[in-house]
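Q: I'd like to ask you about the structure that follows.
2 protein chains.
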Amino acid sequence: MPDLYDVAAIGNAIVDVIAPATDAFLAQNNLDKGAMMLVDPARSAELYSRMAAAVEASGGSAANTIAGLASFGGRGAFMGKVADDKLGQVFAHDMRAIGARFENAPLIGGPATAVSMINVTPDGQRTMCTYLGASVEFTDSDVDPAVVEAAGIVYLEGYLFDAEAARRAFAKAAALAHGSGRMIALTLSDGFVVERHREGLMGFIESQVDLLFANDTEIRALFQTDDFDAALDALQYRVKLAAVTRGPQGSVILSQGERVHVAPEQVDKVVDTTGAGDQYAAGFMYGLSKGRSLQVCGQLGSLAAAEVISHYGPRPQVSLKDLAATRNL
Amino acid sequence: MPDLYDVAAIGNAIVDVIAPATDAFLAQNNLDKGAMMLVDPARSAELYSRMAAAVEASGGSAANTIAGLASFGGRGAFMGKVADDKLGQVFAHDMRAIGARFENAPLIGGPATAVSMINVTPDGQRTMCTYLGASVEFTDSDVDPAVVEAAGIVYLEGYLFDAEAARRAFAKAAALAHGSGRMIALTLSDGFVVERHREGLMGFIESQVDLLFANDTEIRALFQTDDFDAALDALQYRVKLAAVTRGPQGSVILSQGERVHVAPEQVDKVVDTTGAGDQYAAGFMYGLSKGRSLQVCGQLGSLAAAEVISHYGPRPQVSLKDLAATRNL
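As you go down the protein sequences, you meet chains A and B in turn.
Offset between the first sequence (1-based) and our numbering: plus 395.
Offset between the second sequence (1-based) and our numbering: plus 395.
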């Protein structure tokens, strides 16, 4: 079957609520800077009442990646669960408006559409408190075989390891993808996710994952070491292909014993790091789907990440296709 | 009674849905560039389905002005009507998060919270389609005498002239304000509002308004002339104080026969003109409440307008108080 989609992603369908915050605010509210914490409805309401005036924008890690892919001109599909409410409509609208497929029926009569309260400190770091709501009602029955089998890469969001039903969905997607010769990609998402699910993630990586995305914190958490190089060595032969981002130090790509170092894109002013890793994955997978070299795949990732951290909000505000063209990428 | 608030505003309580658009998109959807059009729920849904991926942010003209006033360090109150829904909660949250008073109970069992779909073209102009929803259920019973009588300036949004009940609310607010020695300010809001309600507006201005805000299009519409200077002459003796904005040409302040010309602030790149007039009014009224000269009031207005048009979204993204300090204003 020809590829209808360059990438089909499964992830949490989330609307972001983004506001500036001070370090003191994080401390007063017991928020770990840079992390993603899950909150229940009561804590969510309490935090929201204390949060500064905000803007709302469709988010969700893998959904942001699909938005980036579409901005490069790639063909994306997204699978995830929203509720039958206003924010669910916003999420679905934004996904379709960028030209991506999103056809999962909204959840009716259950929890509300997921929201992530993102407090952005003056250094551009984002600290997230997420109420998962309807998004954790995603199950294996929401995985559309026709979409998975028609996608060059099936991209899975590590955050979903928190939900038992979503893990079954991942297993189904992996079986379908490999059965039809497709590639499975996974992002580790967050250091705390790795801490919570180290063994499950490791087993899934070794048995199912063809392409792993992680940042330095996440791979150090995965191998329980403070030594970045030791973590890279440990990862090297566990997965066919891996792209490990290091923030302002660029990224390292591991492939069959080869290591490709990719320089970072220069950014004049980091405004909000939300979505940096998501956009790196978008650029990387777009490049891979077009048969580009690993070096160029990494550069496309860096370019997309640099764009998104130069403004508030988790998705590109300019055409990444045009931006790549100006760099001859 | 001492002033508890520098400004108390009455306006439409609206959440903005902001997306980039092309001129071709405006033409295809019969949208008049730069205008605000009212739409019914069916047309609203149709336009939203065609609109690009968007971000949501609390808006509403007078509410934006209160947000700007708060950013300068001023004390603001807002009166308006939201529904008991998610976007209504967003609007109320954002108003309180900036430190402004907003205590009108949400409407239950009626239309949804108002939304304004704002299509921003590459030249930075915004074209708005507004579904007024719950916001037009604002009536004179929602005008809190304790707030009006404790505000130095009571600021009224011209858009509300479209709603009969809101006009009664304006009359009540004006009577209360003048009865306790307060000042009534009005913004004309939009050229089409002026076309629809020229006589009613003129009567209200001549009998009740102490301070008028308008742009060049609106005062030319008010006096049915293409000649800006003729419109200024006609306005001069109809109102005690008026501030007329001219976009990149700055503004003109009329006061008892005196004319003060205020230079515009330089802006490197105009991204989105949404909220320029609202922020001008914020800076001007903040200055007035602090007893500054008309020249400085105008400069504070220009400064706030320049900040808001340099990014997407209708409210300031930096502290206007700090910004004013850097200019010794």
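Beta carbons are placed, not taken as given, at the ideal position from N, Cα and C, and that holds for glycine.
Taking the alpha-carbon positions, what's the residue 627 (chain A) to residue 432 (chain B) distance?
A: Near 57 Å, if we compare the C-alpha coordinates of residue 432 (chain B) and residue 627 (chain A).
Q: Using a Cβ-Cβ cutoff of less than 7 Å, which residues in the same chain neighbour residue 689 (chain B) once the five nearest sequence positions on both sides are dropped?
A: Answer for residue 689 (chain B): 648, 650, 655, listed in chain order.
Q: Can you tell me which residues form a DSSP beta bridge with residue 646 (chain B)?
A: DSSP output for residue 646 (chain B) lists B:640, B:657 as bridge partner(s).
Q: Identify each residue in the region 479 to 493 of chain A for which the Cβ-Cβ distance to at least one residue of chain B is less than 9 Å, and report them in chain order.
A: For the region 479 to 493 of chain A, which is checked against every Cβ of chain B, the residues closer than 9 Å are 480, 481, 482, 484, 485, 488, 489, 490, 491, 492, 493.
Q: Tell me the residue span of the beta strand (DSSP E) that contains residue 473 (chain A).
A: Looking at the DSSP string, the run of the beta strand (DSSP E) that includes residue 473 (chain A) is 471 to 474.
Q: Measure the alpha-carbon distance for residue 556 (chain B) versus residue 549 (chain B) and round it to whole angstroms.
A: Going from the Cα of residue 556 (chain B) to the Cα of residue 549 (chain B) covers about 16 Å.
Q: With DSSP as the reference, identify every bridge partner of residue 453 (chain A), one or two as the case may be.
A: DSSP output for residue 453 (chain A) lists A:410 as bridge partner(s).
Q: Measuring only between beta-carbons, confirm whether residue 708 (chain B) sits less than 8 Å from chain A.
A: It does: the Cβ of residue 708 (chain B) has a partner Cβ on chain A nearer than 8 Å.
Q: Is any heavy atom of the ligand COA found at a distance shorter than 7 Å from the C-beta of residue 489 (chain B)?
A: Questions concerning the ligand COA fall outside what the structure shown contains, since it holds no ligand whatsoever.
Q: Name, going along the chain, the residues of the region 437 to 467 of chain A whose beta-carbon falls closer than 8 Å to a beta-carbon of chain B.
A: Result list: 443, 444, 446, 447, 448, 449, 450, 451, 452, 453, 462.
Q: Check whether the Cβ atoms of residue 551 (chain A) and residue 578 (chain A) sit closer than 8 Å, and answer yes or no.
A: It is not a contact, given that the beta carbons lie outside the stated cut-off.
Q: Quick check on residue 726 (chain A): does DSSP put it in helix, strand or coil?
A: Residue 726 (chain A) is absent from the structure shown; chain A starts at 396 and stops at 724.
Q: Answer yes or no: do residue 659 (chain A) and residue 459 (chain A) have a C-beta to C-beta separation smaller than 8 Å?
A: Result no, Cβ atoms of residue 659 (chain A) and residue 459 (chain A) do not sit closer than 8 Å.
Q: Can you name the residues that DSSP bridges to residue 511 (chain B)?
A: DSSP, once it has assigned bridges, lists B:411, B:525 as partnering residue 511 (chain B).
Q: Going by the DSSP bridge assignment, what does residue 400 (chain B) pair with across the sheet?
A: BP columns for residue 400 (chain B) point to B:546.
Q: Thinking C-alpha only, which one of A:687, A:704, A:639 is nearest residue 668 (chain A)?
A: Checking every option, the nearest Cα to that of residue 668 (chain A) belongs to A:704.
Q: For residue 767 (chain A) versus residue 589 (chain A), is the C-beta distance shorter than 8 Å?
A: Coverage of chain A is limited to positions 396 through 724, which leaves residue 767 (chain A) absent and any answer about it impossible.
Q: Using the DSSP secondary-structure output, state which residues sit across from residue 608 (chain B) in a beta bridge.
A: According to DSSP, residue 608 (chain B) bridges with B:582, B:638.
Q: What are the complete alpha helix (DSSP H) segments, minimum 4 residues, inside the region 678 to 717 of chain A?
A: Segments of the alpha helix (DSSP H) lying fully in the region 678 to 717 of chain A: 689 to 704.
Q: How long is the line joining the alpha carbons of residue 525 (chain B) and residue 501 (chain B), rounded to whole angstroms?
A: Those two C-alpha atoms are separated by around 19 Å.
Q: Taking C-alpha atoms, which residue in A:665, A:693, A:576, A:574 lies nearest to residue 675 (chain A)?
A: Per the Cα distances, A:693.
Q: Using the Cβ count rule (16 or more neighbours within 10 Å means buried), how would you classify residue 496 (chain B)?
A: Counting Cβ neighbours within 10 Å, residue 496 (chain B) comes out buried, since at least 16 surround it.
Q: Leaving aside the five residues before and after residue 454 (chain B) along the sequence, list all residues of the same chain whose C-beta is less than 7 Å from its C-beta, in chain order.
A: Closer than 7 Å at the Cβ level, and outside the excluded window around residue 454 (chain B), lie 409, 410, 411, 511, 709.
Q: Ordered along the chain, which non-local residues of its own chain (more than five positions away) have a Cβ less than 6 Å from that of residue 490 (chain B)?
A: For residue 490 (chain B), where only same-chain residues beyond five positions count, the Cβ hits under 6 Å are 473, 497.
Q: Rank B:520, B:447, B:683, B:521 by C-alpha distance to the C-alpha of residue 547 (chain B) and give the top, closest one.
A: If we check each option's Cα against that of residue 547 (chain B), B:683 comes out closest.
Q: Skipping 5 residues on each side, what residues in its chain have a beta carbon closer than 8 Å to that of residue 443 (chain A)?
A: Here the set comprises 412, 512.
Q: From residue 466 (chain A) to residue 686 (chain A), what distance separates their C-alpha atoms?
A: Straight-line Cα distance between these residues: approximately 18 Å.
Q: Among B:586, B:570, B:612, B:610, which residue has its Cα nearest to the Cα of residue 599 (chain B)?
A: Out of B:586, B:570, B:612, B:610, B:570 has the C-alpha closest to the C-alpha of residue 599 (chain B).
Q: Hey, quick one: how far does the beta strand (DSSP E) through residue 433 (chain B) stretch, first residue to last?
A: Unbroken beta strand (DSSP E) run through residue 433 (chain B): 431 to 433.
Q: Have a look at residue 563 (chain A) and residue 536 (chain A) and give me their C-alpha separation to the nearest angstrom.
A: C-alpha separation (whole angstroms): 10 Å.
Q: For a test of the three-state rule: what should DSSP assign to residue 496 (chain B), helix, strand or coil?
A: Strand, per DSSP.
Q: Quickly, what does DSSP pair residue 478 (chain B) with across the bridge? List them, please.
A: Answer is B:502.
Q: Any idea what DSSP makes of residue 551 (chain A), helix, strand or coil?
A: Correct three-state label for residue 551 (chain A): strand.
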